[in-house]
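Novice: For reference, the structure I am asking about is given below.
Residue numbers (full-length UniProt numbering): 1 to 234.
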């Protein structure tokens, strides 16, 4: 037993063959000074109360025996306890650090995937803009509709559908195709027109005079929509 243990009443040391008792209030008394009250209790001189009493020996409970152990032993126990606790903390810290590293790698992978999607989105957006621009340019520079030529008869028929009547009517150059083979009267040109030349008939200034025998075939060719120029080409 520790050398510092003694009776708080007579101050007898523990090196003698005297039993010592520990009271609930923390007072130590020897067997000579203690006043037993029965049921493991004794009257305390300081607090004047009945307190639980426990004999001081090596078979005490560990939580009570630790109060009577030397400080170096207690320190070794504390150091061991501290080392054990630190080891457990380190294991927990290493585990959390591994989990953090794994989570960080996953986050970096997610960032890489997001960057790849962003680049792909930018490329698709640029392609869409280029396609829209090319489509608009091709639409604006497309070939306009060609104007189809229309014969005078078809043109007049189209005007009749919209109830449009021209202010000036122009004579046909020749009869319809069904009547082109009909004979033309010889007296179509009056004797007064025997001195009229082809230039005046066509609207050009009169330069040469022709006879009646020359004007009749000319007028017949004009009415048949056959000019002398076209007759020469044929």
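All residues carry an ideal CB built from backbone N, CA and C; glycine is no exception.
Tell me the rounded alpha-carbon separation between residue 57 and residue 81.
Specialist: Reading the chain shown from its first residue, position 57 is the one you call residue 57. Reading the chain shown from its first residue, position 81 is the one you call residue 81. Those two C-alpha atoms are separated by around 25 Å.
Novice: Looking at residue 61: is its Cβ nearer than 8 Å to the Cβ of residue 50?
Specialist: Here the question's residue 61 lines up with position 61 in the chain shown. Here the question's residue 50 lines up with position 50 in the chain shown. Cβ distance not < 8 Å, so residue 61 and residue 50 don't count as in contact.
Novice: Can residue 59 and residue 30 be called in contact, C-beta distance under 8 Å?
Specialist: Sequence index remark: in the chain shown, residue 59 carries index 59 (1-based). Sequence index remark: in the chain shown, residue 30 carries index 30 (1-based). Taking 8 Å as the Cβ cut-off, residue 59 and residue 30 do not qualify as a contacting pair.
Novice: Which residues does DSSP list as the beta-bridge partners of residue 50?
Specialist: Along the chain shown, read from residue 1 onward, the residue named residue 50 stands at position 50. Residue 50 is bridged to 43.
Novice: Taking C-beta to C-beta, are residue 33 and residue 9 nearer than 8 Å?
Specialist: In the chain shown, residue 33 corresponds to position 33, counting from 1. In the chain shown, residue 9 corresponds to position 9, counting from 1. Yes, Cβ-Cβ distance for residue 33 and residue 9 is below 8 Å.
Novice: Which one of 53, 94 and 133 has the shortest CA to CA distance from residue 25?
Specialist: Reading the chain shown from its first residue, position 25 is the one you call residue 25. Comparing Cα positions, the closest option is 53.
Novice: Roughly how many angstroms separate the alpha carbons of residue 98 and residue 106, rounded to a whole number?
Specialist: Within the chain shown, numbered from 1, the residue matching residue 98 stands at position 98. Within the chain shown, numbered from 1, the residue matching residue 106 stands at position 106. Those two C-alpha atoms are separated by around 12 Å.
Novice: Given that a residue counts as buried once 16 or more other Cβ atoms are within 10 Å of its Cβ, and exposed if not, what is residue 131?
Specialist: The count along the chain shown starts at 1 and reaches residue 131 at position 131. Per the 10 Å Cβ criterion, exposed.
Novice: Rounded to a whole number of angstroms, what is the C-alpha to C-alpha distance between residue 63 and residue 71?
Specialist: Counting from one through the chain shown, the residue named residue 63 turns up at place 63. Counting from one through the chain shown, the residue named residue 71 turns up at place 71. The alpha-carbon atoms of residue 63 and residue 71 are separated by roughly 15 Å.
Novice: The alpha helix (DSSP H) with residue 57 in it runs from where to where?
Specialist: Numbered from 1 along the chain shown, position 57 holds the residue referred to as residue 57. That residue, residue 57, is in no alpha helix (DSSP H); it is neither H nor E in DSSP.
Novice: Could you give the distance in angstroms between the alpha-carbon of residue 93 and the alpha-carbon of residue 78?
Specialist: Reading the chain shown from its first residue, position 93 is the one you call residue 93. Reading the chain shown from its first residue, position 78 is the one you call residue 78. So the alpha carbons of these two residues sit roughly 22 Å apart.
Novice: Is it buried or exposed, residue 119, if we count other Cβ atoms within 10 angstroms and call 16 or more buried?
Specialist: Here residue 119 corresponds to residue number 119 of the chain shown, with the count starting at 1. Looking at its Cβ environment, which holds fewer than 16 other Cβ atoms inside 10 Å, residue 119 is exposed.
Novice: Only counting the same chain, and skipping five residues up and downstream in sequence, which positions put a Cβ closer than 6 Å to that of residue 183?
Specialist: Taking the chain shown and counting its residues from 1, the one referred to as residue 183 is at position 183. Residue placement at residue 183 is flagged as unreliable, the pLDDT there being 48, under the threshold of 50; a coordinate-derived value is accordingly withheld.
Novice: Measuring straight from C-alpha to C-alpha, what distance separates residue 85 and residue 20?
Specialist: Here residue 85 refers to the residue found at position 85 of the chain shown. Here residue 20 refers to the residue found at position 20 of the chain shown. Straight-line Cα distance between these residues: approximately 36 Å.
Novice: Beta strand (DSSP E) containing residue 63: first to last residue?
Specialist: For the purposes of this step, residue 63 is identified with residue 63 of the chain shown, where counting begins at 1. Premise fails: residue 63 lies in the alpha helix (DSSP H), 62-65, not in any beta strand (DSSP E).
Novice: Tell me, please, whether the CB atom of residue 93 is closer than 8 Å to any CB atom in chain C?
Specialist: Checking the listed chains, one finds no chain C in this structure; it contains a single protein chain.
Novice: Should residue 112 go down as buried or exposed, given a rule of 16 or more other Cβ atoms within 10 Å for buried?
Specialist: The residue given as residue 112 occupies position 112 in the chain shown. Classification of residue 112: exposed, given that the 10 Å Cβ count is below 16.
Novice: Residue 13 bridges to which residues according to DSSP?
Specialist: On the chain shown, residue 13 is found 13 positions in, with the first residue counted as 1. DSSP, once it has assigned bridges, lists 6 as partnering residue 13.
Novice: Just verifying my parser: in three-state terms, what is the DSSP assignment at residue 33?
Specialist: Taking the first residue of the chain shown as 1, we reach residue 33 at position 33. Three-state DSSP puts residue 33 in coil, outside helix and strand.
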